[in-house]
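**Q** Next up is a structure, given as structure tokens.
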Amino acid sequence: MSTTALHEPAVLLRPPTQQMSDKQRRFITKLTVLISGGMFIDGFILGGIGILMPSITQDLNLSLAWQGLIGASALIGIFLGGPLGGYLADKIGRKPMFTIDLAIFLVGSIAQFFVTDPMQLFVVRVLMGVAIGADYAVGWPMLAEFAPARLRGFLMSVQEVGWYAGYLIAYVAGWALVVSHIASWNVILGLSAVPTLIVLLMRLGTPESPRWLKSQGRTAEAEELAREYMCDEGRKDLKAQDTSGSLKMGHLFSSHYIKTTIFVSVFWVCNVTPYFAISTFAPFVLNHLGLGDGLAGGIALNGLALVGVVTATLLVEKMGRRKLGIPPFFISAAVLVAVALLAHLSAMIIVVCVLLFAFVNAVSTTLCSVYPGEVFPTEIRGAGVGFATAVSRIGAAAGTFLMPLSIDHLGISGTMMIAAGISLFGGVVSWLLAPETMGKQLSETSAPTSGNRPNGC
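Note that the numbering used here has the sequence shown beginning at 25, numbered continuously upward.
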């Protein structure tokens, strides 16, 4: 690979003119921003709930079980919305789902202003989670299908920057508003309506994916849109796209794609489960570690995570996926074991370990927005991303729900050892199954892992 290619991600707005026209460059930049906007909103609603949990608990007199359910409510919704959105994105297209999901999310955001009891809040946030889960399964495939191979990893990684930025901003804003008593938790949660409305309006008029159109046999439409919005290499790969078999969601579990499905699901769930569990209840966890100001510690934890994902975004097209995504699992496991064993000793050591975990975990988690969009074929790309989203949210929701109960029954040491085991398992599975997709066309990265491409059924 040339030196120019290695440094292209850092100059997204100035790729070689023979590869991408000004209009195509503006389009792919806008599309990246629009999909990042959905990720920002997801991070915003998940980041805000953790910092507001003490206020919500006091106001609504929540039990430990209700704390866990409300903390995990959006994750439960994402579990439902991922497969549903992926199925619809593959069935009716990326374009219609790209706006429908955010419209549903907007309704849920506004409803948060008016909830008055735990059940109402739980139901509203499940609905919002359904919409954001669908957005994962629509946005990532769409971006992967338009993006040039040499920039795809960088552009997909930017999605995680949007997520962590939204998470951190919600956390900081929630902290400031709680401390100053400027607004109630209803109002703070409802603020997600503002970025949602902005992104929804900006998404209107987005074109359909040429790769999806070709998968439906609409080749003439696909080629016309490809000439307008895709670079030379993308158009060539579109022509090479194999649509000889009509793949269905069940093919995710066939001998041709089962390894891919297992890898993406395990990689994702083992990254997000420890992070969600620790960060959602960061004030609670850090206070149990004897660090005093849990709120400030939580902001530092999420800030380091944002630094980690930015670092990974800048390196993903230089180091490759495997070198960037696998080692952080083993480092995270070692760090969490240290927290478990040293929790009764130096507070400073624990601070360093928790912050180091946040950084390295975010580096690997960045690849969760890259791999799913790359490794599934077009006909089931939405379904594949949606299924992996659902599996990841089982772990994230379980970790969030069980964290306060685990600390209460097992203590901080036992809880951190479980988190370390999850990270270690993710590292081993990824080392065995993770492909290297850097610089490859989608027709190469989504090829069956065994035998020939399966026929339709």
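Heads up, the beta-carbon is just placed ideally off N, CA and C, and yes, glycines get one too.
Decide if Asn-85 is buried, meaning its Cβ has at least 16 other Cβ atoms within 10 Å, or exposed.
**A** Asn-85 should be labelled exposed.
**Q** In the DSSP assignment, find the unbroken alpha helix (DSSP H) run with Ser-239 in it and report its ends.
**A** Here the alpha helix (DSSP H) through Ser-239 covers 234–239.
**Q** Take every Cβ of the region 124–134, pair it with every Cβ of the region 211–230, and state whether three or more of those distances are shorter than 8 Å.
**A** In short, these stretches touch, since the Cβ pair count reaches three.
**Q** Which same chain residues, not among the five before or five after Ser-97, have their C-beta less than 7 Å away from its C-beta?
**A** Hits under 7 Å: Phe-146, Arg-149, Val-150 and Gly-153.
**Q** Once DSSP output is grouped into helix, strand and coil, what is the label at Gly-139?
**A** Note that residue 139 corresponds to Val in the displayed sequence, not to Gly. The answer is coil: DSSP assigns Val-139 none of H, G, I, E or B.
**Q** Report yes or no: do the region 402–409 and the region 369–385 share at least 3 C-beta pairs separated by less than 8 Å?
**A** No: the two stretches stay apart, fewer than three of their Cβ pairs being nearer than 8 Å.
**Q** Between which two residues does the alpha helix (DSSP H) carrying Pro-172 extend?
**A** First-last for Pro-172: undefined, no H or E at that position.
**Q** Enumerated in chain order, which unbroken segments of the alpha helix (DSSP H) with a length of 4 residues or greater are wholly contained in the region 336–392?
**A** Those alpha helix (DSSP H) runs which fall completely within the region 336–392 and span 4+ residues are 345–349, 351–366 and 371–389.
**Q** Straight-line CA distance for Gln-240 to Phe-411?
**A** Roughly 21 Å between the two C-alpha positions.
**Q** Determine the DSSP secondary structure at Cys-294, reduced to helix, strand or coil.
**A** In the structure shown, Cys-294 sits in a helix (DSSP, three-state: H, G or I).
**Q** Can you tell me the Cα-Cα spacing of Glu-252 and Lys-347, whole angstroms?
**A** So the two alpha carbons sit approximately 35 Å from each other.
**Q** Starting from the C-beta of Leu-112, find all residues in its chain whose C-beta is less than 7 Å away, skip the five residues before and the five after it, and write them out in chain order.
**A** The residues are Met-121.
**Q** To the nearest angstrom, report how far apart Leu-325 and Ala-382 are at their CA atoms.
**A** Looking at the two C-alpha atoms, the distance is approximately 6 Å.
**Q** By DSSP, does Glu-252 sit in helix, in strand, or in coil?
**A** Helix, per DSSP.
**Q** Considering only the beta carbon of each residue, do Val-296 and Ala-420 sit closer than 9 Å?
**A** Yes, the Cβ-Cβ distance between Val-296 and Ala-420 is below 9 Å.
**Q** Is it the case that the CB of Ala-200 approaches a heavy atom of the ligand FAD more closely than 8 Å?
**A** Ligands are entirely absent from the displayed structure, and the ligand FAD is therefore not among its contents.
**Q** Would you kindly check if the distance between the Cβ of Leu-225 and the Cβ of Ile-52 is under 9 Å?
**A** No, they are not a contact pair.
**Q** Thinking C-alpha only, which one of Asp-125, Leu-426 and Glu-398 is nearest Leu-221?
**A** The option with the nearest alpha carbon to Leu-221 is Asp-125.
**Q** In chain order, which beta strand (DSSP E) runs of at least 3 residues are fully inside the region 442–474?
**A** Entirely contained in the region 442–474, not one beta strand (DSSP E) run reaches 3 residues.
**Q** Taking the Cβ atom as the reference point for each residue, do Leu-417 and Phe-103 lie within a distance shorter than 9 Å?
**A** Reading off the sequence, residue 417 comes out as Arg, not Leu. For Arg-417 and Phe-103, yes; Cβs fall inside 9 Å.
**Q** If we ignore side chains and look at the alpha-carbon of each, how far apart do Thr-389 and Leu-456 end up?
**A** Each residue's Cα considered, the two are about 18 Å apart.
**Q** Quick check on the burial criterion: 16 or more other C-beta atoms within 10 angstroms. Buried or exposed for Thr-465?
**A** The sequence as given places Gln at residue 465; Thr does not occur at that position. With 16 or more Cβ atoms within 10 Å of its Cβ, Gln-465 is classed as buried.
**Q** Gly-15 to Val-196, Cα distance in whole Å?
**A** Look at the range of the chain in this structure, 25 to 481, and you will see that residue 15 is not part of it.
**Q** Using the beta-carbon count (16 or more within 10 Å), is His-433 buried or exposed?
**A** Counting Cβ neighbours within 10 Å, His-433 comes out exposed, since fewer than 16 surround it.
**Q** Under a Cβ-count criterion, where at least 16 other Cβ atoms within 10 Å of its own Cβ denotes burial, should Lys-263 be classed as buried or exposed?
**A** Exposed is the call here.
**Q** Specify whether the region 159–173 and the region 389–399 touch according to this definition: at least 3 beta carbon pairs, one from each stretch, less than 8 Å apart.
**A** Contact holds: three or more Cβ-Cβ distances are below 8 Å.
**Q** Would you report the Cα separation of Ala-443 and Gln-183, rounded to the nearest angstrom?
**A** Those two C-alpha atoms are separated by around 25 Å.
**Q** With a CB to CB cut of under 6 Å and the five nearest residues on each side skipped, what residues in its chain are close to Thr-27?
**A** Any reading at Thr-27 needs caution, since the residue's pLDDT is 40, under 50, leaving its predicted position unreliable; the model's value is listed next. Nothing listed; no residue qualifies.
**Q** Does the separation of the CB atoms of Ser-356 and Pro-298 fall below 9 Å?
**A** Yes, they are a contact pair.
**Q** Does DSSP put Ser-208 in a helix, a strand or coil?
**A** Three-state result, Ser-208: coil.
**Q** Alpha helix (DSSP H) containing Gly-101: first to last residue?
**A** Taken as a continuous stretch (DSSP letters only), the alpha helix (DSSP H) holding Gly-101 covers 88–116.
**Q** Per DSSP, what kind of secondary structure is Tyr-160 in: helix, strand or coil?
**A** In the structure shown, Tyr-160 sits in a helix (DSSP, three-state: H, G or I).
**Q** How far does the alpha helix (DSSP H) with Pro-78 in it extend, from its first residue to its last?
**A** Looking at the DSSP string, the run of the alpha helix (DSSP H) that includes Pro-78 is 46–84.
**Q** Quick check: what's the CA-CA separation for Arg-242 versus Glu-248?
**A** Straight-line Cα distance between these residues: approximately 10 Å.
**Q** How long is the line joining the alpha carbons of Cys-255 and Ala-364, rounded to whole angstroms?
**A** The straight-line gap from Cα to Cα measures roughly 50 Å.
**Q** Measuring only the C-alpha atoms, how far is Gly-62 from Gln-144?
**A** Using only the alpha carbons, I get a separation of about 24 Å.
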